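Below is one structure, written out as structure tokens; the observations come after it.
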Amino acid sequence: MKRVFVAGVGMTKFDKPGKPDPNYPELAQQAGTAALADAGISYADIEQACVGYVHADSTAGQRAVYGLGMTGIPVLNVNNNCASGSSALYYARQLVAGGLADCVLALGFEKMRRGSLGTAVHPQATDPVGKFVKAAAQLREPTGAPVVLEMFRAAGLDHMERYGTTREQFAKVAEKNHRHSAANPNAQFQDVYSLEEILSANLVCDPLTKLQCSPTSDGSAAAIVVSEEFVDRHGLADQAIEIVAQALTTDTPDAYDNAFNLVGKGVSEQAARQAYAQAELGPTDVDVIELHDCFSINEILSYEALGLCAEGEGATLIDAGATTYGGKWVVNPSGGLISKGHPLGATGLAQCAELSWQLRGEADRRQVEGARVGLAHNVGLGSAAVVTIYRKAAA
Numbered sequence: 001m002k003r004v005f006v007a008g009v010g011m012t013k014f015d016k017p018g019k020p021d022p023n024y025p026e027l028a029q030q031a032g033t034a035a036l037a038d039a040g041i042s043y044a045d046i047e048q049a050c051v052g053y054v055h056a057d058s059t060a061g062q063r064a065v066y067g068l069g070m071t072g073i074p075v076l077n078v079n080n081n082c083a084s085g086s087s088a089l090y091y092a093r094q095l096v097a098g099g100l101a102d103c104v105l106a107l108g109f110e111k112m113r114r115g116s117l118g119t120a121v122h123p124q125a126t127d128p129v130g131k132f133v134k135a136a137a138q139l140r141e142p143t144g145a146p147v148v149l150e151m152f153r154a155a156g157l158d159h160m161e162r163y164g165t166t167r168e169q170f171a172k173v174a175e176k177n178h179r180h181s182a183a184n185p186n187a188q189f190q191d192v193y194s195l196e197e198i199l200s201a202n203l204v205c206d207p208l209t210k211l212q213c214s215p216t217s218d219g220s221a222a223a224i225v226v227s228e229e230f231v232d233r234h235g236l237a238d239q240a241i242e243i244v245a246q247a248l249t250t251d252t253p254d255a256y257d258n259a260f261n262l263v264g265k266g267v268s269e270q271a272a273r274q275a276y277a278q279a280e281l282g283p284t285d286v287d288v289i290e291l292h293d294c295f296s297i298n299e300i301l302s303y304e305a306l307g308l309c310a311e312g313e314g315a316t317l318i319d320a321g322a323t324t325y326g327g328k329w330v331v332n333p334s335g336g337l338i339s340k341g342h343p344l345g346a347t348g349l350a351q352c353a354e355l356s357w358q359l360r361g362e363a364d365r366r367q368v369e370g371a372r373v374g375l376a377h378n379v380g381l382g383s384a385a386v387v388t389i390y391r392k393a394a395a
């Protein structure tokens, strides 16, 4: 397998949905153009493109990249629910690692409706997450909230009952991520909230208030994925970030056994184990993390899934300040999904962009001092998890 590098990244500002313009082709063009400029190459250098999205038609990937050029290259459309962007990155990396291409564009975008996520499934078609929804309803009496909220509510209440986690500890996650996003010009929200403001915000589904939930968002992000030979030919060693490990996992038979696995903890644990083994690194070697905090509950679960702490001890990390500046790791310096925003297909590639900037020392006011190793974690219900470990090429 060849070594694989991210040579350039770009993203749009994530924004509140509902505006007709810019539409997804314009968003994709902005992100893709920025990534190409960052790498100092042209679209003519791109040999293939992998494009992640959820709420668009089957050839939207082609329409998205045509604003960059129409060169006849293969375009792979990737839909893996909220993990679509990182799945696009995964397939781009495979093409380069397998020697099938030297330069691949990984692009993600989303143009979303306002309000809670619904289903796009035809009424007569099988709902791909239907078994997960049914299992969640058997664990907890449904409240009538949107199904995704119901599932994370069940996981949160289970964590509280099993391990004594409190509403205040979940709220501390949101306080941290909103505070981090104030330094991110690309974030959808850049307001700082006190713990009291987060706890007293509108209750959307106990124990979650509105400020603990990721918003629907419009946006795009992109990465230029290249071989070592490409890095050398184009003199990109000073900015190239190596993908030293990456794993994409799906469910095993225990997926329906408990509320934690229903929201992706099991697939996240699998992906983390595989990625650490590939990289020959562990959680203590990582400096900066972008993880899938679609709800504050999931950040606590993800601490445990990624091996930052033992089962049931995720809340102790937030109490100790271990996951913010001055702690053992800085988790979601971008503001995470909760505050940066969550345009589904763009999220995984926005994580790639943030970690590339962090490891290059280009993250401005949110820079993690001395960051050398970064980890990204992206989950799609139904389920898929992608864990990617990055390291500065010159390190």
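Residue numbers for the sequence shown, in full-length UniProt numbering: 1 to 395.
Where is the CB? At the ideal position from N, CA and C, for every residue including glycine.
The model shown is predicted, which means the values in this text are computed figures rather than measured ones.
Pair within 8 Å by beta-carbon distance, residue i and residue j
| i | j | result |
| --- | --- | --- |
| residue 107 | residue 51 | yes |
| residue 335 | residue 202 | no |
| residue 219 | residue 83 | no |
| residue 231 | residue 37 | no |
| residue 221 | residue 344 | no |
| residue 360 | residue 241 | yes |
| residue 170 | residue 297 | yes |
| residue 181 | residue 342 | no |
| residue 268 | residue 306 | yes |
| residue 228 | residue 2 | yes |
| residue 293 | residue 173 | yes |
Three-state secondary structure (DSSP) of residue i
| i | result |
| --- | --- |
| residue 79 | coil |
| residue 273 | helix |
| residue 378 | strand |
| residue 141 | coil |
| residue 395 | Low per-residue confidence applies at residue 395: pLDDT is 49, beneath 50, and the placement is therefore not dependable enough to give any value. |
| residue 289 | strand |
| residue 61 | helix |
| residue 397 | Nothing can be reported for residue 397, as the shown portion of the chain is limited to 1 through 395. |
| residue 148 | helix |
| residue 246 | strand |
| residue 205 | strand |
| residue 133 | helix |
| residue 267 | helix |
| residue 96 | helix |
| residue 373 | strand |
| residue 313 | coil |
| residue 20 | coil |
| residue 158 | helix |
Residue range of the unbroken beta strand (DSSP E) whose run includes residue i
| i | result |
| --- | --- |
| residue 226 | 219-227 |
| residue 392 | 384-392 |
Per DSSP, the bridge partner or partners of residue i
| i | result |
| --- | --- |
| residue 297 | Per DSSP, none; premise fails for residue 297. |
| residue 108 | 52 and 221 |
| residue 213 | 295 |
| residue 6 | 225 and 241 |
| residue 331 | 289 |
| residue 11 | 221 |
| residue 103 | 226 |
C-beta neighbour in chain B for residue i, strict 8 Å
| i | result |
| --- | --- |
| residue 334 | As a matter of chain content, chain B is missing from the structure shown, which is built from one protein chain. |
Enclosing alpha helix (DSSP H) for residue i [first to last residue]
| i | result |
| --- | --- |
| residue 260 | 259-262 |
| residue 338 | 336-340 |
| residue 42 | Taken as a continuous stretch (DSSP letters only), residue 42 belongs to no alpha helix (DSSP H), as it is neither H nor E. |
| residue 189 | No alpha helix (DSSP H) holds residue 189; DSSP gives it neither H nor E. |
| residue 196 | 195-200 |
| residue 347 | 347-360 |
Whole-number beta carbon distance between residue j and residue i, since they are thought to touch under 8 Å
| i | j | result |
| --- | --- | --- |
| residue 387 | residue 272 | 5 Å |
| residue 81 | residue 381 | 6 Å |
| residue 379 | residue 264 | 4 Å |
| residue 368 | residue 333 | 6 Å |
| residue 68 | residue 33 | 7 Å |
| residue 207 | residue 157 | 7 Å |
| residue 24 | residue 49 | Between residue 49 and residue 24 the Cβ distance is about 15 Å, and since that is not below 8 Å, they are no contact. |
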